[in-house]
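Engineer:
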Amino acid sequence: MNAARSHLFWGAFSPLGGLAGGGLLIMASARLAWALSVSGALLWVYFFSVLLSFPGSVGRGRKIYPRQGKSLVLIFLASFIGSIYLLLLWFLCPLAALEVFFPLCLTPLFCTGSGLFKRIEPLDLGEALFRAVSEALVVGGLLIVLALIREPLGFSSLSLPGSAQGIVLLFSFKAESFLPVRIIASSAGALLLLGYCAGLYRYFKSIYAPREGDQ
Amino acid sequence: MSDAAPAIRDRAIFLGWIAGLLMAGALVWIFTQPLQSRYLLRAVNRVFIAAGDTRRLAAPLARPAGKAGPMGFWYSMLDSGDSIFVFGIMRDGILVPCGARVSTDGKVEELIPLSGHARQALSSTPPAVLQLYVRRIEAAKQGDRK
Numbered sequence: 000m001n002a003a004r005s006h007l008f009w010g011a012f013s014p015l016g017g018l019a020g021g022g023l024l025i026m027a028s029a030r031l032a033w034a035l036s037v038s039g040a041l042l043w044v045y046f047f048s049v050l051l052s053f054p055g056s057v058g059r060g061r062k063i064y065p066r067q068g069k070s071l072v073l074i075f076l077a078s079f080i081g082s083i084y085l086l087l088l089w090f091l092c093p094l095a096a097l098e099v100f101f102p103l104c105l106t107p108l109f110c111t112g113s114g115l116f117k118r119i120e121p122l123d124l125g126e127a128l129f130r131a132v133s134e135a136l137v138v139g140g141l142l143i144v145l146a147l148i149r150e151p152l153g154f155s156s157l158s159l160p161g162s163a164q165g166i167v168l169l170f171s172f173k174a175e176s177f178l179p180v181r182i183i184a185s186s187a188g189a190l191l192l193l194g195y196c197a198g199l200y201r202y203f204k205s206i207y208a209p210r211e212g213d214q
Numbered sequence: 000m001s002d003a004a005p006a007i008r009d010r011a012i013f014l015g016w017i018a019g020l021l022m023a024g025a026l027v028w029i030f031t032q033p034l035q036s037r038y039l040l041r042a043v044n045r046v047f048i049a050a051g052d053t054r055r056l057a058a059p060l061a062r063p064a065g066k067a068g069p070m071g072f073w074y075s076m077l078d079s080g081d082s083i084f085v086f087g088i089m090r091d092g093i094l095v096p097c098g099a100r101v102s103t104d105g106k107v108e109e110l111i112p113l114s115g116h117a118r119q120a121l122s123s124t125p126p127a128v129l130q131l132y133v134r135r136i137e138a139a140k141q142g143d144r145k
């Protein structure tokens, strides 16, 4: 699908197409433990979705996908791969898997909604996998940075995934109950933080990134 | 007819993919349900041990028949007629893992936070939200007893 001809409301490149990404960033960045679990899921889903879908994207292999509805098939394929990650996480640490169940369900939608499969079409398999892993690392890195800000301010603690209780608290303070900065742990606080991050990103992009069409 | 054949073939490929992936996913999840339940039981018992709690889960129970309750797993308790329902309370898109101890007469006696996050989050959850979950669990349990 051409991004410019994408449907205004239903299309993968419509403004609403990125909503899954917003939800994922807000939910998974509340704690470092969740951000790490979801970053692992992003890496898993991006890598294996590209690996399994690639043979059907080139040459004679194109015939294994339908001409109409290929995007939906890729969503189902990515969701299946995501559910395998969830299952493995459940066997490792059931309570951690239960906590991040909903953000993990969003990772396949985020992967397909980002337009990754269109971008890798002209690449060979090695380049496509490198591109997929790089994109997953960028999103995962953003999640971890947001979590490193939100969790200490919101919960006065810092956590890692694991242990019987789902998360291991590296430190935790209890005398913080009435600090107004705790709002940063809520969804409203995450939106505020995302707004600041988007502002910073645009500022630095205007300074350092080359303008499109300059080269 | 010759124009319709590629379209039908295309539709068949599409349906084959969707049905195949749905079936594969469903089979994996259904056949691993006993294993998932067993792993969760061990995790909850480890939480009790870490907290110095003497209670233990004994074995998984079948979901109560009749009225649909919240998603979760039912367990019997060791040395007690009560049962424990392990489920998640939705808070800001995160399922907060909790256990509800349900007495033999179908009443929820206690909500037990099961993770480090649940301990922090449960105290800030509005009582009305907790009551909503309690009512649904009790309704599911009492539907089973009828």
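From first to last, the protein sequence lines are chains A and B. Residue 196 in numbering that gives the first Met the number 0 sits at position 197 of the first sequence, and the numbers go up by one each step. Residue 2 in numbering that gives the first Met the number 0 sits at position 3 of the second sequence, and the numbers go up by one each step. For every residue, glycine included, the Cβ atom is placed at its ideal position computed from N, Cα and C. Predicted model, so just to flag it, every value in this text is computed and none were measured.
1. Between the segment 131 to 150 of chain A and chain B, which residues of the former have CB atoms less than 8 angstroms from a CB of the latter, in chain order?
2. Label S122/B either buried or exposed according to how many other C-beta atoms from any shown protein chain fall within 10 Å of its C-beta, with 16 as the threshold for buried.
3. Suppose you measure from the CA of F203/A to the CA of A189/A; what does that come to, to the nearest Å?
4. Answer yes if the segment 151 to 165 of chain A comes into contact with the segment 110 to 119 of chain B, meaning at least three C-beta pairs across the two stretches below 8 angstroms, and no otherwise.
5. Could you tell me the boundaries of the beta strand (DSSP E) in which R55/B lies?
6. Taking beta-carbon pairs under 9 angstroms, can you tell me which members of the segment 58 to 78 of chain A lie near chain B?
7. Mind checking if P54/A is an interface residue toward chain B, Cβ cutoff 8 angstroms exclusive?
8. I believe Y38/B touches A57/B by the beta-carbon criterion, under 8 angstroms. Please report the beta-carbon distance rounded to the nearest angstrom.
9. Of the residues Y64/A, A29/A, A146/A, F100/A, which one's Cα is nearest the Cα of K83/A?
10. Taking C-beta to C-beta, are G92/B and L113/B nearer than 8 angstroms?
11. So which residues on chain B does G22/A lean against when the C-beta distance must stay under 9 angstroms?
12. Anything in chain A within Cβ reach of L20/B, meaning under 9 angstroms, just list it in chain order.
13. Measure the Cβ-Cβ separation of V37/A and P102/A and say whether it is below 8 angstroms.
14. Whole angstroms are fine: how far does the CA of L77/B sit from the CA of L108/A?
15. Which residue from T53/B, A25/B, V133/B puts its Cα closest to that of L86/A?
16. Can a CB atom of chain A be found closer than 8 angstroms to the CB of L129/B?
17. Which same chain residues, not among the five before or five after L110/B, have their C-beta less than 6 angstroms away from its C-beta?
18. P54/A by DSSP, collapsed to three states: which one?
19. Taking the C-alpha atoms as reference points, what is the distance between L129/B and I88/B?
20. Which chain A residues are close to T31/B, counting only those with a beta carbon under 8 angstroms from its beta carbon?
21. When Cβ atoms are compared, which residues of the segment 150 to 174 of chain A fall closer than 7 angstroms to chain B?
Structural biologist: Taking the structure as given:
1. none
2. exposed
3. 21 angstroms
4. yes
5. Segment: none, R55/B is in no beta strand (DSSP E) and carries neither H nor E.
6. K62, I63, Y64, P65, R66, Q67, G68, K69, L71, V72, F75, L76, S78
7. no
8. Between A57/B and Y38/B the Cβ distance is about 16 angstroms, and since that is not below 8 angstroms, they are no contact.
9. Note that residue 83/A is Ile in the sequence shown, not Lys. Checked all of Y64/A, A29/A, A146/A, F100/A; the closest Cα to I83/A is F100/A.
10. no
11. G92
12. V72, F75, L76, S78, F79
13. yes
14. 42 angstroms
15. A25/B
16. no
17. C97, A99
18. helix
19. 8 angstroms
20. L86
21. F154, S158, A163, Q164, G165, I166, L168
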